[in-house]
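J.:
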Amino acid sequence: MITDEIANAILDSKSNVFLTGAGISTESGVPDYRSSNNQFWGEYDSKDFYLSNFLTNSGSRMRCWRSCAVFYETMKNAQPNPAHLVLAELERRKLLRGIITQNVDGLHQKAGNSKKVVIELHGTAHTISCVDCGRKYDSEGIYTSISKWTSVPYCENCQGILKPDTVFPGEPIIPNVAKRVLQMATSCKLLIVIGSSLEVQPAAYLPLKAKESGAKLGIINLTPTPYDKYADYLIYRPAGKTLAEIVKKINDQVRPPTEERTGQYGP
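Under the numbering used here, the first residue of the sequence shown is numbered 1253, with each subsequent residue one higher.
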């Protein structure tokens, strides 16, 4: 079975990197921005999320903040699902070198992965920054301090424009982050994509960079991606169920410490 092959590849490599997209978090109830049938993001105009509109158009800024507030309320209550928990276990067992995530929900860290192995390619929804002076704020404090969203928030320090620390359309990836993800992808021995459509750059080109550098490629997604033909291992299934099966096969070969055998990943 393909899950046996992936389990063996993870054990053989040990230099394993995982690229995660929205599909790993939808099982936790976090809305997927790119789904065609998305009922959450479909209510909002994507133009309001473009950086240029957010910074220059007060109407776009207000609408963007309102939608971000609704998303934050959904996201902050989300809990890690079996897929997140499996990746946390793999790190504890030194079978995971890094996670490159397109998600902004922080569920990898919530599941137990350390900050040092998680690279948030598109930023985080848990903090907010002033675009003028750079002062950072906790998202919870900002969202709860505004009554009925009659106005947008401004920086207490300089009255500058505040913006969630997520990467907006038209906003470049932080150079240091882009450099780190490229280094991680080109130096691993196995790259496994989980729940990503691989349609958004720069994440989309990382599988090819890994392959060009000699790594094997696995893709676990509900639907086909543009890079399936390059995959050594390809599965069209939910992330949680698939990773739970893979870690079970790993455990059948190399038993984890007793305290890690909790049965929390499902049957």
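We put the beta carbon where it would ideally sit given N, CA and C, even for glycine. Model, not experiment: these values are computed from the prediction.
1) My guess is that LEU1337 and GLN1505 are in contact by the Cβ rule of under 8 angstroms, so how many angstroms apart are they, rounded?
2) Could you give the distance in angstroms between the alpha-carbon of LYS1367 and the alpha-carbon of ALA1377?
3) On the DSSP letters alone, give me the boundaries of the beta strand (DSSP E) that LEU1469 sits inside.
4) I need the boundaries of the beta strand (DSSP E) containing GLU1372, first residue and last residue.
5) Tell me whether GLN1291 sits in a helix, a strand or coil according to DSSP, three-state version.
6) Cβ atoms of ILE1351 and ILE1380: under 8 angstroms apart, would you say?
7) Excluding five sequence neighbours on each side, which residues of the same chain lie with their C-beta closer than 6 angstroms to the C-beta of TRP1317?
8) Is SER1449 near THR1477, with beta carbons less than 8 angstroms apart?
9) State the CB to CB distance for the pair THR1326 and VAL1356, rounded to an integer number of angstroms; the pair is presumed to be in contact (CB under 8 angstroms).
10) So, THR1272 versus THR1353, is the Cβ gap smaller than 8 angstroms?
11) With which residues is PRO1454 paired in a DSSP beta bridge?
12) Report buried or exposed for CYS1385, applying the criterion of at least 16 other Cβ atoms within 10 angstroms of its Cβ.
13) Unbroken alpha helix (DSSP H) runs of length 4 or more, entirely within the segment 1298-1373: which are they?
14) So TYR1389 is in the beta strand (DSSP E); what residue range does that whole segment cover?
15) Could you give the DSSP three-state label for VAL1282: helix, strand or coil?
16) Kindly indicate which three-state DSSP category THR1477 falls into: helix, strand or coil?
17) Leaving out five residues on either side along the sequence, give the residues of the same chain with a beta carbon under 7 angstroms from the beta carbon of GLN1365.
18) Assuming the contact rule is C-beta atoms closer than 8 angstroms, ASN1268 and LEU1347 should be a hit. Round their C-beta distance to whole Å, please.
T.: If we stick to the structure as given:
1) Locating residue 1337 in the sequence shown gives position 85, where the first residue counts as 1. Locating residue 1505 in the sequence shown gives position 253, where the first residue counts as 1. So it is not a contact: roughly 19 angstroms between Cβ atoms.
2) Counting from one through the sequence shown, the residue named residue 1367 turns up at place 115. Counting from one through the sequence shown, the residue named residue 1377 turns up at place 125. So the two alpha carbons sit approximately 15 angstroms from each other.
3) Residue numbering aside, residue 1469 sits at position 217 when the sequence shown is read from its first letter. Where LEU1469 is concerned, the enclosing beta strand (DSSP E) stretches over 1468-1472.
4) Against the sequence shown, residue 1372 aligns to sequence position 120. GLU1372 -> beta strand (DSSP E) spans 1370-1372.
5) The residue given as residue 1291 occupies position 39 in the sequence shown. No answer about GLN1291 holds up, because its pLDDT of 47 lies below 50 and its placement is not dependable.
6) By 1-based counting over the sequence shown, the position of residue 1380 is 128. By 1-based counting over the sequence shown, the position of residue 1351 is 99. For the pair ILE1380 and ILE1351, the CB atoms are not nearer than the 8 angstroms cut-off.
7) Taking the first residue of the sequence shown as position 1, residue 1317 is located at position 65. Cβ contact annotation for TRP1317 (same chain, cutoff 6 angstroms, sequence separation greater than five): VAL1404, in chain order.
8) Taking the sequence shown and counting its residues from 1, the one referred to as residue 1449 is at position 197. Taking the sequence shown and counting its residues from 1, the one referred to as residue 1477 is at position 225. Yes.
9) As a working note, residue 1326 is residue 74 in the sequence shown. As a working note, residue 1356 is residue 104 in the sequence shown. The Cβ separation is near 12 angstroms, so there is no contact.
10) Position 20 of the sequence shown, counted from the first residue, corresponds to residue 1272. Position 101 of the sequence shown, counted from the first residue, corresponds to residue 1353. Cβ atoms of THR1272 and THR1353: closer than 8 angstroms.
11) The residue given as residue 1454 occupies position 202 in the sequence shown. In the DSSP output, where bridge partners are listed per residue, PRO1454 has none listed.
12) In the sequence shown, residue 1385 corresponds to position 133, counting from 1. Here CYS1385 is exposed: its Cβ has fewer than 16 other Cβ atoms, across all protein chains shown, within 10 Å.
13) 1303-1308, 1310-1328, 1334-1344 and 1359-1363
14) Along the sequence shown, one-based indexing puts residue 1389 at 137. For TYR1389, the enclosing beta strand (DSSP E) starts and ends at 1388-1390.
15) Position 30 of the sequence shown holds residue 1282. Here VAL1282 sits in coil by DSSP.
16) The residue given as residue 1477 occupies position 225 in the sequence shown. Looking at THR1477 - three-state DSSP - the assignment turns out to be coil, as it is neither helix nor strand.
17) By 1-based counting over the sequence shown, the position of residue 1365 is 113. The residue asked about is misnamed: residue 1365 is Asn in this sequence, not Gln. Closer than 7 angstroms at the Cβ level, and outside the excluded window around ASN1365, lie LEU1339, ALA1340, GLU1343 and ILE1351.
18) Taking the sequence shown and counting its residues from 1, the one referred to as residue 1268 is at position 16. Taking the sequence shown and counting its residues from 1, the one referred to as residue 1347 is at position 95. Indeed, because the Cβ distance is near 6 angstroms, the residues count as touching under 8 angstroms.
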